[in-house]
Amino acid sequence: LDGRGPVKLSNGSLSQMGVCSTRLQVLSGVIKEDLSAKRLRWLTPTDCYTLCQVHRIRSESGSYPHTYEMRLDHSDEVVMRALREDEQSS
2 LDGRGPVKLS NGSLSQMGVC STRLQVLSGV IKEDLSAKRL RWLTPTDCYT
52 LCQVHRIRSE SGSYPHTYEM RLDHSDEVVM RALREDEQSS
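Each residue of the sequence shown is one higher than the last, beginning at 2 in our numbering.
Written out as structure tokens, the structure is:
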């Protein structure tokens, strides 16, 4: 993978030594539940604030694309990730 743009799998499956195969579609419910829980957590107002840090990760050559990660201060958990492909992208 060259890292340019999102990766999409079509009709993907996990297989172990050709004996059994599980379609990746089975995992979509788990992903939807996780996304829903995270969205609810960020949309729920709190009476306090959360300290975060923004980290920029440059490509190996130091040029674009850059990846930005917002991490919680106390646990270093990545809560948001963004990709900037060039200087003019927003």
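Every residue, glycine too, gets a C-beta built ideally from N, C-alpha and C.
Close beta carbons around residue i, own chain, < 6 Å, minus the five adjacent residues each side
{"i": "T68", "result": "I58, L84"}
{"i": "S16", "result": "S22"}
Straight-line gap, residue i to residue j (C-alpha atoms, nearest Å)
{"i": "Q54", "j": "L10", "result": "32 Å"}
{"i": "R72", "j": "M81", "result": "7 Å"}
{"i": "I51", "j": "D74", "result": "Here the sequence assigns Thr to residue 51, which means Ile is not the residue at that position. Going by the C-alpha atoms only, they are around 8 Å apart."}
{"i": "G63", "j": "M18", "result": "40 Å"}
{"i": "T23", "j": "K33", "result": "18 Å"}
{"i": "L44", "j": "D35", "result": "14 Å"}
{"i": "P46", "j": "E78", "result": "20 Å"}
{"i": "N12", "j": "E61", "result": "32 Å"}
Cross-strand partners of residue i (DSSP beta bridge)
{"i": "R72", "result": "Q54, V79"}
{"i": "C21", "result": "Q17"}
{"i": "L84", "result": "T68"}
Whole-angstrom C-beta distance between residue j and residue i, which should lie under 8 Å
{"i": "E88", "j": "P66", "result": "Between P66 and E88 the Cβ distance is about 11 Å, and since that is not below 8 Å, they are no contact."}
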